[in-house]
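All remarks here apply to the structure that follows.
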Amino acid sequence: MITDINDKTLNLIKNKTFREDAERYVIQYADFMKFAEDSGLSAVEGASPDRMAVERLSKTGRIKDYNAKSLSYGYLSPACIDCRTGANSKTVFHTLTCNRDCYFCANMNQEEYEYYTKNINNAEEELDKTMEGKKVSSVALTGGEPLLLPEKALAFFRHVSEKYPEAHKRLYTNGDLLTDELAEQLAGAGLNEIRISVKMDKDGYPAETLEKLKIAKKFIPAVMVEMPVIPGTLEHMKDLLIKMEEIGCEGINILEFLFPWLDPEEYKKLGFRIKERPYHVLYSYNYSGGLPIAGSEDECLKLLEFAVEKNLKLGVHYCSLENKLTSQIYSQNAGVKLMPFEIMSDKDYFIKIARVYGGNAGKVQKYLRKAGVPFQRIAGTGALEFNPKYISELKGVDEVALTYNVVERDGTKSHMREVKIDLVNPELFDFDKDI
């Protein structure tokens, strides 16, 4: 078991130097949350994920649990599996222009947003250049709204089908511009999967949505919905799942509802607030979606419970914000030659190091030296670092620090940056579960 170190748990750390090291990140998190709240939306104190719901779901034996970041019932798109690392997957766009104007849209956070609302991106060229020499297992076209440029969308999927015949090809769209003719053409161009975004509010969703799903189902092999779950829409979401089941859709990806750092007044008017701790590990993430809204995750978990209870054939996949961040960390840390005292987690992809301070450092050094295990002493602090796989073997050691690290590059140079420290009790540590 790992104790997440935050402002409420910091004083559990006994060693002064250990506590001071961990406190740096607690202060950084507090500063970040002040910055977030200064943007116009406050956070909910005490709100945390419903771990009991996660445990209940796991006990059903019908939920695939990917470290509680991704929970799936039934059908799961192969593209969702590829997305965890992003190593063999690429998503591109032609335009960031959209025919809708959703208050929660994060497109404006993307680099060169204004430019690509007026100019066209060469999606084929970007794909080929980025994935040159790599295995390509998943490719997606997104936007903006990609079907504003239907001929380009068709040409893109024909290109992918020809150059990457084994790749799973998917399209993200709001569905407004989808017709029978276009759906048939997309299928003919090799499209494997369409993900339609449904605009939901407290009054429900447009009836036209179901007609678009029916059109897609006539021609496209896998028809899915991908959408955020807005707090307060649970009953409407349940109705949507039942209707999708009747249509024969393959599945739905339910996402955390996010605040994209834009239009806080609309969020405040609707009574929304940010999660108390938006990220487990605070870092400069590239994902443009924003901060998770309190209550959204709870309703996502309730929808999974609903799917199990109703024995739906429809696949339901909860993709949390944390799940969307793993590919960046994997990209930065993968392929790095690790020191013997470092290990890259296969759960969140952070490079992790165990560290002990004070009298514990001497005890651990004696044990590791006798066992022939590599370690390093940190000059000036007396602390000692070693591979986390040996934590549970330690005797007479009451606290161990677990550090989270990310490789950052600047041109041809790279360095490893520590971004968080947590607390471990060796007696309660389970390497397979905790790392």
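Numbering (numbering that gives the first Met the number 0), first residue to last: 0 to 434.
Ideal placement from N, C-alpha and C gives every residue a C-beta, glycine not left out.
Residue i versus residue j - alpha carbon distance
| i | j | result |
| --- | --- | --- |
| asparagine 424 | glutamate 341 | 19 Å |
| alanine 139 | tyrosine 348 | 23 Å |
| leucine 435 | lysine 365 | Past the edges of the chain, shown from 0 to 434, lies residue 435, and the structure says nothing about it. |
| threonine 436 | lysine 388 | The chain is shown from 0 up to 434; residue 436 falls before or after that span and cannot be answered. |
| proline 373 | leucine 383 | 11 Å |
| phenylalanine 218 | alanine 186 | 6 Å |
| isoleucine 253 | isoleucine 193 | 15 Å |
| glycine 247 | lysine 323 | 27 Å |
| glutamate 439 | cysteine 101 | As displayed, the chain neither begins before 0 nor continues past 434, which places residue 439 out of reach and without an answer. |
| glutamate 144 | glutamate 398 | 52 Å |
| isoleucine 229 | alanine 78 | 24 Å |
| asparagine 285 | histidine 279 | 16 Å |
| leucine 148 | leucine 95 | 11 Å |
| alanine 86 | serine 137 | 10 Å |
| phenylalanine 103 | glutamate 245 | 29 Å |
| glutamate 275 | tyrosine 112 | 29 Å |
| arginine 50 | methionine 130 | 38 Å |
| phenylalanine 155 | threonine 90 | 12 Å |
| alanine 370 | isoleucine 390 | 13 Å |
| aspartate 431 | alanine 182 | 45 Å |
| isoleucine 119 | lysine 151 | 10 Å |
| valine 53 | leucine 300 | 7 Å |
| lysine 237 | alanine 400 | 43 Å |
| threonine 232 | asparagine 386 | 46 Å |
| aspartate 64 | histidine 235 | 25 Å |
Assigned secondary structure, residue i (DSSP; H/G/I helix, E/B strand, else coil)
| i | result |
| --- | --- |
| glutamate 180 | helix |
| histidine 167 | strand |
| isoleucine 90 | Before going further, note that residue 90 is threonine rather than isoleucine in the sequence given. Strand. |
| tyrosine 102 | coil |
| tyrosine 366 | helix |
| alanine 42 | strand |
| glutamine 109 | coil |
| valine 335 | coil |
| cysteine 299 | helix |
| glutamate 144 | coil |
| glycine 203 | strand |
| valine 405 | strand |
| tyrosine 286 | coil |
| proline 373 | coil |
| alanine 139 | strand |
| phenylalanine 155 | helix |
| serine 319 | coil |
Residue i - containing beta strand (DSSP E), residue span
| i | result |
| --- | --- |
| histidine 279 | It is not in any beta strand (DSSP E) - histidine 279 carries neither H nor E in the DSSP assignment. |
| proline 227 | 221-228 |
| leucine 70 | 69-72 |
| isoleucine 62 | 62-65 |
| leucine 383 | 383-385 |
| serine 57 | First-last for serine 57: 50-58, but that is the alpha helix (DSSP H), not the beta strand (DSSP E). |
| isoleucine 352 | 350-355 |
| glutamate 131 | No beta strand (DSSP E) contains glutamate 131, which DSSP labels as neither H nor E. |
| lysine 274 | Unbroken run through lysine 274: none, as it is neither H nor E. |
| valine 418 | 412-423 |
| glutamate 192 | 192-195 |
For residue i, the first and last residue of its enclosing alpha helix (DSSP H)
| i | result |
| --- | --- |
| glycine 174 | Where glycine 174 is concerned, there is no enclosing alpha helix (DSSP H), given that its DSSP letter is neither H nor E. |
| asparagine 252 | No alpha helix (DSSP H) contains asparagine 252, which is instead part of the beta strand (DSSP E) from 250-255. |
| leucine 212 | 207-218 |
| leucine 233 | 233-246 |
Residue burial classification, residue i (beta-carbon count within 10 angstroms, cutoff 16)
| i | result |
| --- | --- |
| phenylalanine 34 | exposed |
| serine 413 | exposed |
| asparagine 98 | exposed |
| arginine 368 | exposed |
| isoleucine 62 | buried |
| isoleucine 377 | exposed |
| serine 283 | exposed |
| glutamate 255 | buried |
| leucine 337 | exposed |
| isoleucine 352 | buried |
| glutamate 225 | buried |
| leucine 427 | exposed |
| threonine 178 | exposed |
| tyrosine 266 | buried |
| asparagine 121 | exposed |
| lysine 211 | buried |
For residue j and residue i, believed in contact at Cβ under 8 Å, the rounded distance
| i | j | result |
| --- | --- | --- |
| asparagine 332 | valine 418 | Contact doesn't hold; Cβ gap of about 12 Å is too wide. |
| glycine 381 | glycine 357 | 7 Å |
| valine 25 | leucine 11 | With 8 Å as the limit, valine 25 and leucine 11 do not qualify as a contact, their Cβ atoms being about 12 Å apart. |
| tyrosine 74 | glutamate 249 | 5 Å |
| aspartate 433 | isoleucine 4 | Aspartate 433 to isoleucine 4, Cβ: 14 Å. No contact. |
| proline 220 | asparagine 173 | Going by Cβ atoms, the distance from proline 220 to asparagine 173 rounds to 20 Å, so no, they are not a contact pair. |
| leucine 153 | glutamine 184 | 6 Å |
| serine 319 | glutamate 296 | 7 Å |
| glycine 189 | arginine 157 | 7 Å |
Cβ-heavy atom distance, residue i to the ligand PLP, below 7 Å
| i | result |
| --- | --- |
| glutamate 265 | For the structure depicted, the ligand PLP is absent and the ligand set is empty, with no information on it obtainable. |
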